[in-house]
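Numbering (our numbering), first residue to last: 44 to 173.
For each residue, glycine too, the CB sits at the ideal point set by N, CA and C.
Quantities reported herein were computed from a predicted structural model and do not represent experimental measurements.
Spelled out as structure tokens, the structure:
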């Protein structure tokens, strides 16, 4: 079932591939408005991007006051986060009979977390990335 840019299937949630076309066609940002638009687009799907805050930090830094849009290698790597959305991990739907686990990570540039469950086969099932 397709709903709000997602495909809902038994036991999993994934991005509707038609929605990733816009992400794939997004041009390299040239100004602050472009960077903000890119964040709006990718931020909607951040649950699929592990370490989104940390990986996108170089772009966040371009939005600081008194900073010009100077495109550099780190900014390009952060912009390439869009490639993650072209083949995102499929998120599992929570199993109410299995314990939830949270793994967190923090640094000077961002925080991250993953909500997950481990199935009866020992396989880690990500439910949500932050």
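Notebook entry, point to check: Roughly how many angstroms lie between the CA atoms of residue 167 and residue 53, to the nearest whole one?
Noted result: About 17 Å.
Next item on the list: Can you tell me which of 73, 58 and 59 puts its alpha carbon nearest to the alpha carbon of residue 115?
Entry: Ranked by Cα distance from residue 115, the options 73, 58 and 59 are led by 73.
Next item on the list: Consult DSSP for residue 86 and reduce its assignment to one of helix, strand or coil.
Entry: Residue 86 falls in the helix class under three-state DSSP.
Check: DSSP state of residue 158, grouped into three classes?
Finding: Of the three classes helix, strand and coil, the one that applies to residue 158 here is strand, per DSSP.
Notebook entry, point to check: Contact check, residue 128 vs residue 71 under 8 Å by CB: the rounded distance?
Noted result: Not a contact, Cβ separation roughly 16 Å.
Notebook entry, point to check: The alpha helix (DSSP H) with residue 97 in it runs from where to where?
Noted result: Its alpha helix (DSSP H) spans residues 95-104.
Note to self: Suppose you measure from the CA of residue 68 to the CA of residue 96; what does that come to, to the nearest Å?
What the structure shows: The straight-line gap from Cα to Cα measures roughly 22 Å.
Check: If we count Cβ pairs, one from each stretch, closer than 8 Å, do we get three or more for the region 129-147 versus the region 44-58?
Finding: With the cut-off at 8 Å, the region 129-147 and the region 44-58 touch.
Check: Would you say the region 97-113 touches the region 151-162, given that touching needs at least three Cβ pairs under 8 Å?
Finding: The region 97-113 is in contact with the region 151-162.
Checklist line | Own chain partners of residue 138 with C-beta closer than 7 Å, once the 5 adjacent residues on each side are dropped | finding: Excluding residues within five positions, the ones whose Cβ falls inside 7 Å are 160.
Next item on the list: Spatial neighbours of residue 124 within its chain, please: CB distance less than 8 Å, with the 5 preceding and 5 following residues excluded, ordered by chain position.
Entry: Excluding residues within five positions, the ones whose Cβ falls inside 8 Å are 85, 92, 95, 98 and 99.
Check: Hey, out of 104, 108, 88 and 105, whose CA is closest to residue 171's CA?
Finding: Comparing C-alpha distances from residue 171 to each of 104, 108, 88 and 105 shows the shortest one belongs to 88.
Notebook entry, point to check: Which partner residues of residue 69 appear in the DSSP bridge assignment?
Noted result: Answer is none; residue 69 lacks a bridge partner.
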